[in-house]
Amino acid sequence: MRKLIPILVILCLTFSCKMSNLTDIEKRYLLTDSGNKKFFLIDFIKENQENGKLGEIPMVIVNGEPFTYHYKETDKKIEISKNDIKRIEIMESEKSIPLFGSAGKYGIVKLYTYVNKTRE
7 MRKLIPILVI
17 LCLTFSCKMS
27 NLTDIEKRYL
37 LTDSGNKKFF
47 LIDFIKENQE
57 NGKLGEIPMV
67 IVNGEPFTYH
77 YKETDKKIEI
87 SKNDIKRIEI
97 MESEKSIPLF
107 GSAGKYGIVK
117 LYTYVNKTRE
């Protein structure tokens, strides 16, 4: 039991530090999960930004419905969990701008879920 307490403290500090280091833009991409699963989409987007596939504020489309994009400010979470995600596709900006105009200028992340949860 004594060995478990320091591990729990470290995990709590790590989790709270990650939450406090999020930008307002990254907070848009939090999932409804608890623990590290809630950061799944943020980590996925960051990885693709580092690889040059996505820009600063990619548009997110959930089951065909635009959810968030660069000029739409929102505090609303994407109401899905990591386990709901069936497939993720990326559309880079050169392909997304002709289809979505300036809303797609940072690229698009398309989420397909097992359940049809979209924005209200």
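Note that the sequence shown covers residues 7 to 126 in the numbering used here. Backbone N, C-alpha and C fix where the C-beta goes; we use that ideal spot for every residue, glycine too.
Assigned with DSSP and collapsed to three states, residue 114 falls in strand. Beyond the five residues adjoining it in sequence on each side, residue 66 comes within less than 6 angstroms, by CB distance, of 73, 74, 115 in the same chain, given in chain order. Using a Cβ distance threshold of 8 angstroms, residue 119 and residue 69 count as a contacting pair. Runs of the beta strand (DSSP E) spanning 3 or more residues and lying entirely within the segment 29 to 115 occur at 65 to 68, 71 to 74, 91 to 97, in chain order. Here the alpha carbon of residue 60 sits roughly 6 angstroms from the alpha carbon of residue 112.
Ranking 101, 85, 96, 110 by CA distance to the CA of residue 39 puts 85 first. Beta-carbon to beta-carbon, residue 117 and residue 94 are separated by about 6 angstroms, close enough to satisfy the 8 angstroms threshold. The C-alpha of residue 121 lies about 30 angstroms from the C-alpha of residue 58.
Setting aside the 5 residues that flank it on each side, residue 98 is surrounded in the same chain by 59, 113, each with a C-beta closer than 7 angstroms to its C-beta; the list follows chain order.
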